[in-house]
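Using my numbering, you'd call the opening residue of the sequence shown number -6 and step up by one each time. We treat Cβ as the ideally placed atom computed from N, Cα and C, and that holds for glycine.
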Amino acid sequence: MKLKIKYRPSYRFQKLFRVDKEFRVIAPVTRRTVEVARAFGLGIDEEKAFTLFREFEVDINPGDIVYVTGESGGGKTTLLLMLAEEMSKHKEFMPIVTERNIAIRRNELVIHGVGESFQQALEILNYTGLSDAYIYLRRYEELSDGQKYRYKLAKALDKNAKTLVFDEFCATLDRETAKVVAYLIQKICRKMGITLVVATTHEDLIYDANPNILIRKGLGPEVEIEYFKPEPRECSLMKNIVIEQGDMRDLKSLEFWHYKGGFRGWGSKIYRAKLGGKVVGVILYTYPHAYLKARYEAFTHLRELSRKSRKSYLDYVNRCFRRLARIIVHPKYRGIGLSVKLIRETMPLLGVPYVECLAAMARYHPFLEKAGMMRIDTRPSEMIEYIYRRLEEMGFRLDMIQSKKHNLEVLKTLDKPVLKRLKKIMLKTYNPKFKRDAKLLKKVVYGDIEAMAEALKKTPIPTVYYVWKNPVYKEYPDPQNLNSQKN
-6 MKLKIKYRPS YRFQKLFRVD KEFRVIAPVT RRTVEVARAF GLGIDEEKAF TLFREFEVDI
54 NPGDIVYVTG ESGGGKTTLL LMLAEEMSKH KEFMPIVTER NIAIRRNELV IHGVGESFQQ
114 ALEILNYTGL SDAYIYLRRY EELSDGQKYR YKLAKALDKN AKTLVFDEFC ATLDRETAKV
174 VAYLIQKICR KMGITLVVAT THEDLIYDAN PNILIRKGLG PEVEIEYFKP EPRECSLMKN
234 IVIEQGDMRD LKSLEFWHYK GGFRGWGSKI YRAKLGGKVV GVILYTYPHA YLKARYEAFT
294 HLRELSRKSR KSYLDYVNRC FRRLARIIVH PKYRGIGLSV KLIRETMPLL GVPYVECLAA
354 MARYHPFLEK AGMMRIDTRP SEMIEYIYRR LEEMGFRLDM IQSKKHNLEV LKTLDKPVLK
414 RLKKIMLKTY NPKFKRDAKL LKKVVYGDIE AMAEALKKTP IPTVYYVWKN PVYKEYPDPQ
474 NLNSQKN
């Protein structure tokens, strides 16, 4: 046996696993096997031993990333199975989840497949890079190969696994997707203290898997082991990402992947992220909304300026603020930090003191804060709170209000007096976009529940206000999160 070991540094506490494995076979006696034995001087009745591992030792600690690679037929799968069997004897590694025991129904809805609650489901899916409203609503069979792999990881996390074992790791994926998935899995496992053991013939994933232990398995008993002390690093694909100025064509090429669809309005600046000549991300900045309650709370001097002179206030806001209106990353490249890179590198290029953003998804996925923006805690307006309260009293679920089907189901249970009160609320308090829809408004006036169900979809979604101050503009006031300080 040829065994090369680069010993792990002394700062590690070692848990040693020992593996011995050989196969013994006796060939059946046939005319052809006898001819083989005669030609090569072999004993046809003798038992033959094929050794895969002899006194092979490896020390694995909880939370380690173990990467097994080598030629096909070298025994990688056998090693994984034996390691899993040995690790199952130690509670620090249990429970162990492999691809074989992750049960997924073909028609399983992604948003229903993990988590005990909506919030928990979003957290798990966002961890694995499945951070898209349309993906949440898809069935497993409708996902791409890369998305299916991410979803398997989400299912494993939902099982509270302490050890994940993946054979033929990312073998069916294109190499770019494989690198993204390898990076994502190791990052999540490290964050959650999960031991990860993978095997693959490919060595191009070693950088992104960033293993603690690298095992190279040759044919026969040949094994090489290296131990590392890995440091956090970005996905290898990020080194080749180029961020540059873009245009509306870049936005349109990716807008399908945004839950709001196409953008309507005037863009101020568009930047794109390109990888190998392909647009993989885009960010759109536009002029700010004229009035925002959260902005008043972050910048108390603006309210006084607005009272003194509306024109001076609007001039100041349009000169000093830009709004992050869209950021879209192709689903294939989500989870590797591309959104954060796009925001962080393009905000300073706008040449204004402040960049702000109103975001719905940021409530569940804090990428804006990671990019350097400040979250401003604020309560909805009294009118919006009034709408939410009355809708919930009538049986509507705010997390389902965007569904016409849900709205119809509730509307059909309401008696005439309640429907009359709901119609009155809608006609008095609804947002301007709804009032411009004259045909729909007319149907609501006449109590058409189909129209009411459609109109309820336009209920404002709770958003979070974020703002970034350009450090170049030191003379401008810093944003204040007064509500957070009170708490």
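Can you check which of these residues, A77, S299, A448, S124, is closest to A431 by C-alpha distance?
The residue among A77, S299, A448, S124 with its C-alpha nearest the C-alpha of A431 is A448.
F360: first and last residue of the uninterrupted alpha helix (DSSP H) it sits in:
Judged by DSSP secondary structure, F360 falls within the alpha helix (DSSP H) whose first and last residues are 360 to 363.
Can you give, in chain order, each stretch of the alpha helix (DSSP H) that sits fully within the segment 268 to 344 and has at least 4 residues?
Fully enclosed alpha helix (DSSP H) runs of 4 or longer: 286 to 291, 293 to 301, 303 to 313, 331 to 339.
For I206 and I53, the rounded distance between their alpha carbons
Each residue's alpha carbon lies about 8 Å from the other.
Can you look up E349 in the DSSP assignment and give me helix, strand or coil?
If DSSP states are grouped into helix, strand and coil, E349 belongs with the strands.
Buried or exposed for V465, going by 16 or more other Cβ atoms inside 10 Å?
Under the 10 Å beta carbon count, V465 is surrounded by fewer than 16 other beta carbons and is classified as exposed.
Going by other Cβ atoms of all chains shown within 10 Å of its Cβ, with 16 needed for buried, is F159 buried or exposed?
Burial call: buried.
If we call anything under 8 Å between Cβ atoms a contact, is R131 one with N100?
No, Cβ-Cβ distance for R131 and N100 is not below 8 Å.
At what residues does the alpha helix (DSSP H) containing V403 begin and finish?
Taken as a continuous stretch (DSSP letters only), the alpha helix (DSSP H) holding V403 covers 397 to 404.
What number of angstroms, rounded off, separates the C-alpha of M(-6) from the C-alpha of V191?
Low confidence applies to M(-6): its pLDDT is 30, below 50, so where it sits in the model is not reliable, and the reading given next is rough at best. About 23 Å.
Would you kindly work out how many angstroms separate the C-alpha atoms of L177 and T279, rounded to a whole number?
Each residue's alpha carbon lies about 32 Å from the other.
Please tell me whether L481 and A446 are closer than 8 Å, where the distance is taken between their beta carbons.
Residue 481 is absent from the structure shown; the chain starts at -6 and stops at 480.
Strand pairing of D471, partner residues [DSSP]
Beta-bridge pairing links D471 to no other residue.
For M185, collect the residues of the same chain with a Cβ closer than 8 Å to its Cβ; drop the 5 residues on either side in sequence, then sort them by chain order.
Around M185: L150.
Pick out whichever of L384, Y60, M340, W461 has its Cα sitting closest to the Cα of P223.
Of L384, Y60, M340, W461, the residue nearest in Cα terms is Y60.
Taking all protein chains shown into account, decide if D57 is buried (16 or more other Cβ within 10 angstroms of its Cβ) or exposed.
Buried, because 16 or more other Cβ atoms sit within 10 Å of the Cβ of D57.
Give me, in chain order, the residues of the same chain whose beta-carbon lies closer than 8 Å to that of L433; leave out the 5 immediate sequence neighbours on both sides.
Cβ contact annotation for L433 (same chain, cutoff 8 Å, sequence separation greater than five): F427, A444, E447, A448, in chain order.
Could you round the C-beta distance between K172 and L230 to whole angstroms and report it? I think they count as a contact, below 8 Å.
In this structure K172 touches L230 by the C-beta definition: roughly 6 Å separates them, less than 8 Å.
Short of 8 Å in beta carbon distance, which residues of its chain neighbour T121, apart from the five on each side in sequence? Order them along the chain.
Taken in chain order, the residues that qualify are R143, Y144, L146, A147, L150, L177, I181, G328.
If you reduce the DSSP assignment to three classes, tell me which class P464 lands in.
Correct three-state label for P464: coil.
L361 vs M387 beta-carbon contact at 8 Å:
In this structure, M387 does not lie closer than 8 Å to L361 by Cβ.
In three-state terms, what does DSSP make of M376?
Helix at M376.
Per DSSP, what kind of secondary structure is G481 in: helix, strand or coil?
The structure shown does not extend to residue 481, since the chain spans only -6 to 480, so no value can be given for it.
Is it buried or exposed, Y379, if we count other Cβ atoms within 10 angstroms and call 16 or more buried?
Under this definition Y379 is an exposed residue.
Here's a check: name, in chain order, each residue in its chain whose Cβ is nearer than 7 Å to the Cβ of Y284, leaving out the five neighbours to either side.
If we look at Y284 and ignore the five residues flanking it on each side, it has no Cβ neighbours.
In the DSSP assignment, find the alpha helix (DSSP H) that holds G139 and state where it starts and stops.
From DSSP, the alpha helix (DSSP H) with G139 extends over 138 to 151.
With H251 and R337 assumed to form a contact (beta carbons below 8 Å), what rounded beta-carbon distance in angstroms separates them?
20 Å between Cβ atoms; not a contact.
V273 versus M241: straight-line alpha-carbon distance, rounded:
Taking the Cα positions, V273 is about 14 Å away from M241.
Short check: CB of I275 to CB of D308, under 8 Å?
Looking at the sequence shown, residue 275 is not Ile but Val. In this structure, the beta-carbon distance from V275 to D308 does not fall below 8 Å.
Cα separation between E48 and E215?
Roughly 11 Å separates the two Cα atoms.
Rounded straight-line distance, which links the Cα of T91 to that of M75
Distance between the alpha carbons of M75 and T91: 13 Å.
For the beta strand (DSSP E) that contains V27, what are its first and last residues?
Unbroken run through V27 is the alpha helix (DSSP H), 24 to 33; no beta strand (DSSP E).
Where does T165 fall in DSSP's three states?
In the three-state scheme derived from DSSP, where H, G and I count as helix and E and B as strand, T165 is classed as coil.
Checking the sheet assignment: what are the DSSP bridge partners for Q238?
DSSP, once it has assigned bridges, lists Y264 as partnering Q238.
Sequence ranges, alpha helix (DSSP H) only - wholly within the segment 192 to 241, length at least 4
As for any alpha helix (DSSP H) of minimum length 4 sitting wholly inside the segment 192 to 241, the runs are 199 to 202, ordered along the chain.
Please identify the residue among M80, R93, E134 whose C-alpha is closest to the C-alpha of K155.
If we check each option's Cα against that of K155, M80 comes out closest.
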